[in-house]
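**Student:** By the count of numbering that gives the first Met the number 0, the sequence shown reaches residue 286 at its end, each step adding exactly one.
Ideal Cβ placement from N, Cα and C applies to all residues, glycine included.
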Amino acid sequence: MIAKNILNADLHCHSVVSDGTLTPETLAQRAKTNGVELWALTDHDEISGQQRAAAAAKAQGMPYLTGTEISVTFAGQTVHIVGLGFDPDNAALVQGLHDTRGGREQRAMEMASSLAKAGIHGAFEGALKFVGNPELISRTHFARFLVESGVCRETAEVFRKYLTEGKPGYVPHRWATLQDAVNWITQAHGIAVIAHPGRYNFSANEEYALFTEFKAHGGQGVEVVTGSHTRQEFVKYAETAKEFGLAASRGSDFHSPDESHTDLGTLPYLPGTLTPVWELLADRIQE
Ligand code: AMP
Ligand code: MN
Ligand code: MN
Ligand code: MN
Numbered sequence: 000m001i002a003k004n005i006l007n008a009d010l011h012c013h014s015v016v017s018d019g020t021l022t023p024e025t026l027a028q029r030a031k032t033n034g035v036e037l038w039a040l041t042d043h044d045e046i047s048g049q050q051r052a053a054a055a056a057k058a059q060g061m062p063y064l065t066g067t068e069i070s071v072t073f074a075g076q077t078v079h080i081v082g083l084g085f086d087p088d089n090a091a092l093v094q095g096l097h098d099t100r101g102g103r104e105q106r107a108m109e110m111a112s113s114l115a116k117a118g119i120h121g122a123f124e125g126a127l128k129f130v131g132n133p134e135l136i137s138r139t140h141f142a143r144f145l146v147e148s149g150v151c152r153e154t155a156e157v158f159r160k161y162l163t164e165g166k167p168g169y170v171p172h173r174w175a176t177l178q179d180a181v182n183w184i185t186q187a188h189g190i191a192v193i194a195h196p197g198r199y200n201f202s203a204n205e206e207y208a209l210f211t212e213f214k215a216h217g218g219q220g221v222e223v224v225t226g227s228h229t230r231q232e233f234v235k236y237a238e239t240a241k242e243f244g245l246a247a248s249r250g251s252d253f254h255s256p257d258e259s260h261t262d263l264g265t266l267p268y269l270p271g272t273l274t275p276v277w278e279l280l281a282d283r284i285q286e
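1) Do R249 and A27 have their C-beta atoms within less than 8 angstroms of each other?
2) Is there contact between the segment 96-109 and the segment 202-214, where contact requires at least three CB pairs shorter than 8 angstroms?
3) Taking 7 angstroms as the cut-off, is the C-beta of A111 nearer than that to any heavy atom in ligand 3?
4) Between the beta-carbon of R143 and the beta-carbon of F129, is there less than 8 angstroms?
5) Tell me whether R230 is buried or exposed, calling it buried when 16 or more other Cβ atoms sit within 10 Å of its Cβ.
6) I'd like the span of the beta strand (DSSP E) that includes R249, first residue to last.
7) Is the closest heavy atom of ligand 2 to the C-beta of H216 under 7 angstroms?
8) Between which two residues does the beta strand (DSSP E) containing A191 stretch?
9) Tell me where the beta strand (DSSP E) around L83 begins and ends.
10) Please classify A56: is it buried, with 16 or more other beta-carbons within 10 angstroms of its beta-carbon, or exposed?
11) Taking the Cβ atom as the reference point for each residue, do T139 and T163 lie within a distance shorter than 8 angstroms?
12) Around the Cβ of M0, are there at least 16 other Cβ atoms within 10 angstroms (buried) or fewer (exposed)?
13) If we ignore side chains and look at the alpha-carbon of each, how far apart do L37 and D262 end up?
14) Under the three-state reduction of DSSP, which class applies to M0: helix, strand or coil?
15) Could you tell me which residues DSSP puts in a beta bridge with L37?
16) Which residue marks the beginning of the alpha helix (DSSP H) containing G95, and which one marks its end?
17) Can you tell me whether DSSP reads P270 as helix, strand or coil?
18) Let me confirm a value: I119 is counted as buried when at least 16 other C-beta atoms fall within 10 Å, else exposed. Which label applies?
19) Just the Cα atoms here: how many angstroms apart are P62 and L83?
20) Output the distance between the C-alpha atoms of G271 and A203, rounded to the nearest integer angstrom.
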């Protein structure tokens, strides 16, 4: 028997509906070409691409799970919570995501003012040229504008020099609470997953609090194998998953062929000792 963990699942990526550069259809095609056997599109704070993604996956004969990635503020930092296998028509989830997107335009205008003070003008209009969904202006779109205008060579450099705490263009923002995000997902019959825990700058105590509170609210999964983790973090968060009794997820966090270093479907398999999230979601996979 083939172990259940030996599955090329890619349960984290972004389309033009948030801050990716490819359409849901092109992503589905790329996933299929790369051998993905179970796919989810997880746009930031947004599920309006779900029908297109599911239809495109079906056309490719590739099993699909609904997905999103919710922005949360926890202990003063932004944390991302991935939702998988939920009902996309659930009213509380739809409203919660709508509210979470709400402050993005105002924030973007403040980011542009902050950049203008640093001598970079026209950033709001510049970023908008890269936006596929007017409700979802993100730092990534500003990063693309700063690359296009020659201020930086690549988006990673933009985030190092701008748009992050203490740098020009950074505007603090209050996102959803951890409890609300987990509740929206679980009430819509989905599974909540802590995205890329290795990316946060938490102390050991804060990270422990994140996992403990996430569990207490009904969260069930954590990303272990993700494009945002190093090999050492695969091992570290496999241990954390076991310690907290969480199922494990796997996803590239692919955004763009030009920007992402991890392509769809190219990560190592999940360690065999973990329970994969897809085992808990078997009845929600769309074939
Ligand atoms: P926002 O939701 O507007 O705060 O934008 C967050 C997005 O910015 C993330 O989902 C990433 O796509 C991108 N991002 C954040 N930090 C970095 C970084 N250091 N390098 C490249 N992209 C980043
Ligand atoms: Mn992103
Ligand atoms: Mn993320
Ligand atoms: Mn992501």
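**Tutor:** If we stick to the structure as given:
1) no
2) no
3) no
4) yes
5) exposed
6) A246 to G250
7) no
8) I190 to I193
9) Q76 to L83
10) buried
11) no
12) Reliability of the predicted coordinates at M0 is poor, the pLDDT of 43 falling under 50, and the value obtained from them is presented with this limitation in mind. Exposed.
13) 15 angstroms
14) Confidence at M0 is low in this model, with a pLDDT of 43, below 50, so the placement of that residue is unreliable and no value is reported for it.
15) A8
16) A90 to R100
17) coil
18) buried
19) 13 angstroms
20) 26 angstroms
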